[in-house]
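At position 138 of the sequence shown (counting the first as 1) the number is 890 in the numbering used here, and the numbers step up by one without a gap.
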Amino acid sequence: MKHARLPHLLCIAGLLLGTQTVHAAEDACAAQVEGAIKRAYPAAKRSGSGYKVDGARIQLSEAFNPHAVVCRTWPAHPELTLMAVPLMQQEDADGGNEGDLELFVLDTANGSIRQRLRLPARMSDDAVRIRSVTFDTARYVVAPGQTAFGVRLVKEGSSRANPFSETGLWLYTLQGSQLKPVLNGVVVETGGGEWDTNCAGAFEQTKRTLTMTSDTHNGYADIAVSETKSASTNRVDNAGECQTRDAKPQRTTYRLAYDGKQYVVPKALAPLD
753 MKHARLPHLL CIAGLLLGTQ TVHAAEDACA AQVEGAIKRA YPAAKRSGSG YKVDGARIQL
813 SEAFNPHAVV CRTWPAHPEL TLMAVPLMQQ EDADGGNEGD LELFVLDTAN GSIRQRLRLP
873 ARMSDDAVRI RSVTFDTARY VVAPGQTAFG VRLVKEGSSR ANPFSETGLW LYTLQGSQLK
933 PVLNGVVVET GGGEWDTNCA GAFEQTKRTL TMTSDTHNGY ADIAVSETKS ASTNRVDNAG
993 ECQTRDAKPQ RTTYRLAYDG KQYVVPKALA PLD
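See the structure below:
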(Lines of atoms letter the chains of each structure in order from A and count residues from 1; the text may use other names and numbers.)
(Lines give C-alpha, C1' and ligand atoms only; values in the text may rest on other atoms or scores of the structure.)
Protein backbone atom coordinates (compact mmCIF):
# COMPACT_ATOMS: atom_id res chain seq x y z
CA MET A 1 0.00 0.00 0.00
CA LYS A 2 1.17 3.54 -0.67
CA HIS A 3 -0.09 7.09 -0.70
CA ALA A 4 -2.45 7.81 -3.56
CA ARG A 5 -1.35 9.21 -6.86
CA LEU A 6 -3.66 10.93 -9.31
CA PRO A 7 -2.48 9.57 -12.67
CA HIS A 8 -4.64 11.90 -14.71
CA LEU A 9 -3.14 14.98 -13.06
CA LEU A 10 0.39 13.73 -13.68
CA CYS A 11 -0.52 13.00 -17.29
CA ILE A 12 -1.87 16.53 -17.79
CA ALA A 13 1.26 18.05 -16.22
CA GLY A 14 3.43 15.96 -18.55
CA LEU A 15 1.45 17.10 -21.57
CA LEU A 16 1.91 20.75 -20.61
CA LEU A 17 5.67 20.30 -20.20
CA GLY A 18 5.85 18.48 -23.52
CA THR A 19 3.92 21.24 -25.25
CA GLN A 20 6.27 23.87 -23.81
CA THR A 21 9.33 21.95 -25.06
CA VAL A 22 7.89 21.53 -28.54
CA HIS A 23 7.05 25.23 -28.83
CA ALA A 24 10.65 26.09 -27.87
CA ALA A 25 11.92 23.78 -30.63
CA GLU A 26 9.56 25.43 -33.11
CA ASP A 27 10.97 28.92 -32.47
CA ALA A 28 13.70 28.30 -35.07
CA CYS A 29 11.17 28.26 -37.91
CA ALA A 30 8.72 30.83 -36.52
CA ALA A 31 10.21 33.58 -38.69
CA GLN A 32 8.93 31.78 -41.80
CA VAL A 33 5.32 31.57 -40.67
CA GLU A 34 3.98 34.97 -41.71
CA GLY A 35 5.59 34.81 -45.14
CA ALA A 36 4.22 31.31 -45.69
CA ILE A 37 0.73 32.39 -44.56
CA LYS A 38 0.75 35.25 -47.07
CA ARG A 39 1.86 32.92 -49.88
CA ALA A 40 -0.65 30.21 -48.95
CA TYR A 41 -3.61 32.57 -48.49
CA PRO A 42 -3.16 35.64 -50.73
CA ALA A 43 -6.58 36.99 -49.69
CA ALA A 44 -5.78 36.83 -45.96
CA LYS A 45 -6.21 40.11 -44.06
CA ARG A 46 -4.32 40.96 -40.89
CA SER A 47 -6.56 40.84 -37.81
CA GLY A 48 -5.13 41.36 -34.34
CA SER A 49 -2.49 38.70 -33.67
CA GLY A 50 -3.46 36.68 -36.72
CA TYR A 51 -5.27 36.74 -40.05
CA LYS A 52 -8.77 36.36 -41.43
CA VAL A 53 -9.39 34.46 -44.66
CA ASP A 54 -12.65 33.16 -46.16
CA GLY A 55 -14.45 33.44 -42.83
CA ALA A 56 -11.75 31.58 -40.89
CA ARG A 57 -9.28 32.90 -38.34
CA ILE A 58 -5.57 32.04 -38.42
CA GLN A 59 -3.81 32.60 -35.09
CA LEU A 60 -0.05 33.14 -35.28
CA SER A 61 2.22 31.09 -33.02
CA GLU A 62 1.29 31.44 -29.36
CA ALA A 63 2.32 29.11 -26.54
CA PHE A 64 -0.46 26.93 -25.10
CA ASN A 65 -3.01 28.05 -27.72
CA PRO A 66 -4.22 24.88 -29.49
CA HIS A 67 -5.55 26.97 -32.38
CA ALA A 68 -2.21 28.65 -33.17
CA VAL A 69 0.00 27.90 -36.16
CA VAL A 70 2.85 25.49 -35.38
CA CYS A 71 5.95 24.75 -37.41
CA ARG A 72 9.06 22.64 -37.10
CA THR A 73 12.13 21.92 -39.18
CA TRP A 74 11.99 18.25 -40.22
CA PRO A 75 15.09 16.51 -38.77
CA ALA A 76 14.94 13.70 -41.35
CA HIS A 77 14.93 16.34 -44.11
CA PRO A 78 16.34 19.59 -42.68
CA GLU A 79 15.89 21.23 -46.07
CA LEU A 80 12.15 21.02 -45.36
CA THR A 81 9.99 22.72 -42.72
CA LEU A 82 6.62 21.42 -41.55
CA MET A 83 3.78 23.83 -40.78
CA ALA A 84 0.26 23.20 -39.46
CA VAL A 85 -2.35 25.94 -39.81
CA PRO A 86 -5.64 25.68 -37.88
CA LEU A 87 -8.39 27.49 -39.80
CA MET A 88 -11.02 28.23 -37.18
CA GLN A 89 -14.53 29.09 -38.36
CA GLN A 90 -15.90 29.14 -34.81
CA GLU A 91 -14.19 29.39 -31.43
CA ASP A 92 -16.39 29.11 -28.35
CA ALA A 93 -14.99 28.88 -24.84
CA ASP A 94 -18.23 27.34 -23.54
CA GLY A 95 -19.48 25.42 -26.57
CA GLY A 96 -17.82 23.63 -29.45
CA ASN A 97 -15.13 24.76 -31.88
CA GLU A 98 -15.28 24.34 -35.64
CA GLY A 99 -12.28 24.40 -37.91
CA ASP A 100 -10.06 22.71 -40.47
CA LEU A 101 -6.34 21.96 -40.28
CA GLU A 102 -4.06 22.56 -43.25
CA LEU A 103 -0.61 20.97 -43.40
CA PHE A 104 2.29 22.44 -45.36
CA VAL A 105 5.78 21.34 -46.30
CA LEU A 106 7.97 24.39 -46.89
CA ASP A 107 11.40 24.88 -48.41
CA THR A 108 13.53 25.71 -45.37
CA ALA A 109 15.83 27.98 -47.37
CA ASN A 110 13.24 30.30 -48.89
CA GLY A 111 9.89 29.40 -47.29
CA SER A 112 8.23 28.45 -50.57
CA ILE A 113 5.39 25.90 -50.42
CA ARG A 114 6.31 22.41 -51.62
CA GLN A 115 3.21 20.44 -50.58
CA ARG A 116 -0.05 21.16 -48.77
CA LEU A 117 -3.07 19.18 -47.57
CA ARG A 118 -6.30 20.48 -46.03
CA LEU A 119 -8.02 18.28 -43.44
CA PRO A 120 -11.69 19.31 -43.12
CA ALA A 121 -13.10 19.53 -39.56
CA ARG A 122 -9.86 18.21 -38.00
CA MET A 123 -9.93 21.09 -35.49
CA SER A 124 -13.63 20.70 -34.62
CA ASP A 125 -14.47 19.56 -31.10
CA ASP A 126 -17.12 19.80 -28.40
CA ALA A 127 -17.10 18.45 -24.83
CA VAL A 128 -13.73 16.76 -25.43
CA ARG A 129 -11.47 19.65 -26.45
CA ILE A 130 -8.33 19.75 -28.58
CA ARG A 131 -5.53 20.91 -26.26
CA SER A 132 -2.51 20.78 -28.56
CA VAL A 133 -1.35 20.11 -32.12
CA THR A 134 2.29 19.07 -32.54
CA PHE A 135 4.53 17.43 -35.12
CA ASP A 136 6.01 13.99 -34.44
CA THR A 137 9.29 13.76 -36.35
CA ALA A 138 10.42 10.32 -35.23
CA ARG A 139 11.90 8.44 -38.18
CA TYR A 140 8.92 6.51 -39.49
CA VAL A 141 10.64 4.87 -42.48
CA VAL A 142 7.60 3.36 -44.17
CA ALA A 143 9.45 2.29 -47.33
CA PRO A 144 13.03 2.45 -48.67
CA GLY A 145 13.89 6.12 -49.09
CA GLN A 146 10.52 7.25 -47.76
CA THR A 147 10.05 8.68 -44.27
CA ALA A 148 6.68 9.76 -42.90
CA PHE A 149 6.11 12.55 -40.41
CA GLY A 150 3.40 12.56 -37.77
CA VAL A 151 0.84 14.98 -36.41
CA ARG A 152 -0.32 14.50 -32.83
CA LEU A 153 -3.58 15.88 -31.46
CA VAL A 154 -4.17 15.88 -27.71
CA LYS A 155 -7.78 15.98 -26.52
CA GLU A 156 -9.07 16.34 -22.96
CA GLY A 157 -12.47 16.19 -21.33
CA SER A 158 -13.67 18.92 -18.99
CA SER A 159 -15.12 16.77 -16.20
CA ARG A 160 -13.09 16.69 -12.98
CA ALA A 161 -15.00 13.69 -11.65
CA ASN A 162 -14.59 11.75 -14.91
CA PRO A 163 -11.20 12.81 -16.29
CA PHE A 164 -10.33 11.81 -19.86
CA SER A 165 -7.43 12.48 -22.21
CA GLU A 166 -6.39 11.09 -25.58
CA THR A 167 -3.41 11.57 -27.88
CA GLY A 168 -3.93 10.56 -31.50
CA LEU A 169 -1.24 10.18 -34.17
CA TRP A 170 -1.61 10.59 -37.95
CA LEU A 171 1.20 9.87 -40.46
CA TYR A 172 1.86 11.56 -43.80
CA THR A 173 4.34 11.01 -46.64
CA LEU A 174 5.50 13.12 -49.57
CA GLN A 175 4.25 11.91 -52.96
CA GLY A 176 5.65 14.24 -55.60
CA SER A 177 3.84 17.55 -55.16
CA GLN A 178 1.24 15.98 -52.85
CA LEU A 179 0.98 15.11 -49.17
CA LYS A 180 -0.45 11.64 -48.69
CA PRO A 181 -2.09 10.41 -45.45
CA VAL A 182 -0.89 6.86 -44.80
CA LEU A 183 -2.01 6.34 -41.20
CA ASN A 184 -5.41 7.85 -40.51
CA GLY A 185 -5.24 8.05 -36.73
CA VAL A 186 -4.11 5.72 -33.97
CA VAL A 187 -4.37 6.45 -30.24
CA VAL A 188 -0.89 6.44 -28.71
CA GLU A 189 -1.97 7.46 -25.21
CA THR A 190 -5.27 7.63 -23.39
CA GLY A 191 -6.31 7.89 -19.78
CA GLY A 192 -9.43 8.31 -17.75
CA GLY A 193 -11.36 7.28 -14.72
CA GLU A 194 -14.06 8.06 -12.23
CA TRP A 195 -13.58 9.32 -8.69
CA ASP A 196 -15.29 11.30 -5.95
CA THR A 197 -12.88 14.26 -6.47
CA ASN A 198 -11.46 13.60 -3.01
CA CYS A 199 -9.93 10.11 -3.03
CA ALA A 200 -12.08 7.09 -3.89
CA GLY A 201 -12.09 6.09 -7.52
CA ALA A 202 -10.60 4.06 -10.33
CA PHE A 203 -8.25 5.11 -13.13
CA GLU A 204 -6.94 3.53 -16.33
CA GLN A 205 -4.14 4.54 -18.66
CA THR A 206 -3.04 3.08 -22.00
CA LYS A 207 0.25 3.84 -23.75
CA ARG A 208 1.27 2.63 -27.21
CA THR A 209 4.55 2.83 -29.09
CA LEU A 210 4.97 2.36 -32.84
CA THR A 211 7.92 0.48 -34.35
CA MET A 212 8.58 -0.07 -38.04
CA THR A 213 9.21 -3.76 -38.83
CA SER A 214 11.03 -5.62 -41.61
CA ASP A 215 7.81 -7.26 -42.82
CA THR A 216 6.02 -5.50 -45.67
CA HIS A 217 2.63 -5.34 -47.35
CA ASN A 218 2.14 -3.56 -50.67
CA GLY A 219 5.63 -2.10 -50.48
CA TYR A 220 5.25 -0.53 -47.03
CA ALA A 221 6.71 -1.77 -43.76
CA ASP A 222 4.31 -3.21 -41.22
CA ILE A 223 3.98 -1.20 -38.01
CA ALA A 224 4.17 -3.02 -34.67
CA VAL A 225 2.10 -1.32 -31.98
CA SER A 226 3.14 -2.23 -28.43
CA GLU A 227 0.42 -1.50 -25.89
CA THR A 228 0.63 -1.27 -22.10
CA LYS A 229 -2.53 -0.85 -20.06
CA SER A 230 -2.36 0.08 -16.39
CA ALA A 231 -5.11 0.51 -13.82
CA SER A 232 -5.30 1.70 -10.24
CA THR A 233 -7.90 2.20 -7.54
CA ASN A 234 -7.93 4.71 -4.70
CA ARG A 235 -9.65 4.31 -1.34
CA VAL A 236 -9.57 5.83 2.11
CA ASP A 237 -8.01 3.49 4.68
CA ASN A 238 -8.96 3.10 8.34
CA ALA A 239 -6.56 5.89 9.30
CA GLY A 240 -8.28 8.29 6.93
CA GLU A 241 -5.38 8.25 4.45
CA CYS A 242 -5.97 7.97 0.70
CA GLN A 243 -4.22 4.89 -0.65
CA THR A 244 -3.61 3.58 -4.18
CA ARG A 245 -3.52 -0.02 -5.33
CA ASP A 246 -2.01 -0.69 -8.76
CA ALA A 247 -3.14 -3.62 -10.88
CA LYS A 248 -0.64 -5.66 -12.89
CA PRO A 249 -0.03 -3.97 -16.27
CA GLN A 250 -1.44 -5.74 -19.32
CA ARG A 251 0.62 -5.84 -22.50
CA THR A 252 -0.56 -6.48 -26.06
CA THR A 253 1.00 -6.14 -29.51
CA TYR A 254 -0.86 -5.22 -32.69
CA ARG A 255 0.37 -5.29 -36.27
CA LEU A 256 -0.74 -2.62 -38.76
CA ALA A 257 -0.42 -3.54 -42.44
CA TYR A 258 -0.62 -1.25 -45.47
CA ASP A 259 -3.51 -2.13 -47.77
CA GLY A 260 -2.28 -0.19 -50.78
CA LYS A 261 -3.88 3.09 -49.69
CA GLN A 262 -3.26 3.36 -45.96
CA TYR A 263 -2.47 1.41 -42.81
CA VAL A 264 -5.51 -0.47 -41.51
CA VAL A 265 -6.20 0.55 -37.90
CA PRO A 266 -8.40 -1.66 -35.68
CA LYS A 267 -11.40 0.17 -34.26
CA ALA A 268 -10.07 -0.38 -30.73
CA LEU A 269 -7.03 1.78 -31.56
CA ALA A 270 -8.83 4.53 -33.47
CA PRO A 271 -9.15 8.04 -31.97
CA LEU A 272 -12.39 9.85 -31.25
CA ASP A 273 -14.05 11.43 -34.27
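Note that CB positions come from ideal geometry on N, CA and C, so glycine has one too.
None of these values were measured; they are calculated from a predicted model.
Whole-angstrom distance between Thr-965 and Asp-846, CA atom to CA atom
44 Å
State the CB to CB distance for the pair Tyr-924 and Leu-855, rounded to an integer number of angstroms; the pair is presumed to be in contact (CB under 8 Å).
7 Å
Whether Val-903 touches Trp-922 by CB criterion (8 Å):
yes
Give me the DSSP bridge partner(s) of Phe-856.
Met-835 and Arg-868
Taking the alpha carbon of Asp-998 as the point to measure from, which residue in Ser-982, Thr-1005 and Lys-1013 has its own alpha carbon closest?
Among Ser-982, Thr-1005 and Lys-1013, the Cα nearest to that of Asp-998 belongs to Ser-982.
Ala-820 burial status per 10 Å Cβ neighbour count (16 or more: buried):
buried
Please report the Cβ distance between Asp-1011 and Asn-970, rounded to the nearest whole angstrom; I am assuming they are in contact, meaning their Cβ atoms lie under 8 Å.
7 Å
Using the beta-carbon count (16 or more within 10 Å), is Pro-915 buried or exposed?
Pro-915 should be labelled buried.
With burial defined as no fewer than 16 other Cβ atoms inside 10 Å of the residue's Cβ, what is the status of Glu-1041: buried or exposed?
Nothing about residue 1041 can be read from this structure; the chain reaches only from 753 to 1025.
Roughly how many angstroms separate the alpha carbons of Val-938 and Tyr-1006, rounded to a whole number?
The alpha-carbon atoms of Val-938 and Tyr-1006 are separated by roughly 11 Å.
Own chain residues within Cβ distance below 7 Å of Leu-1008, not counting five before or after:
Asp-974, Ile-975, Val-977, Tyr-1015, Val-1016 and Val-1017
Beta-bridge partners of Cys-823, as assigned by DSSP
Answer by DSSP bridge pairing, in chain order: Met-835.
Could you tell me the alpha carbon to alpha carbon distance between Gln-867 and Gly-943, rounded to whole angstroms?
35 Å
C-beta contact flag for Ser-813 and Gly-851 at 8 Å:
no
In chain order, what residues of the same chain have a beta carbon less than 8 Å from the beta carbon of Val-934, not counting five sequence neighbours either side?
Once the five neighbours on either side are set aside, the close Cβ partners of Val-934 are Val-894, Ala-900, Leu-923, Tyr-924, Thr-925, Tyr-972, Tyr-1010, Gln-1014 and Tyr-1015.
Rounded C-alpha distance that separates Val-822 from Asn-990
The alpha-carbon atoms of Val-822 and Asn-990 are separated by roughly 51 Å.
Could you work out which residue in Thr-886, Arg-798, Val-885 and Gln-927 is closest to Gly-897 when comparing CA atoms only?
Comparing Cα-Cα distances from Gly-897 to each of Thr-886, Arg-798, Val-885 and Gln-927, the minimum goes to Gln-927.
Kindly indicate which residue of Arg-881, Gln-995 and Glu-979 has the alpha-carbon position closest to the one of Pro-1001.
Closest by alpha carbon: Glu-979.
What's the call for Pro-818, buried or exposed, on a 16-neighbour Cβ count within 10 Å?
Under the 10 Å beta carbon count, Pro-818 is surrounded by 16 or more other beta carbons and is classified as buried.
In angstroms with no decimal places, state the Cα-to-Cα distance between Ala-1022 and Gly-802.
33 Å
Have a look at Ser-917 and Glu-946 and give me their C-alpha separation to the nearest angstrom.
The alpha-carbon atoms of Ser-917 and Glu-946 are separated by roughly 13 Å.
Looking only at its chain, what residues have a beta carbon closer than 6 Å to the beta carbon of Ala-782, apart from the 5 residues adjacent to it on each side?
Ser-813
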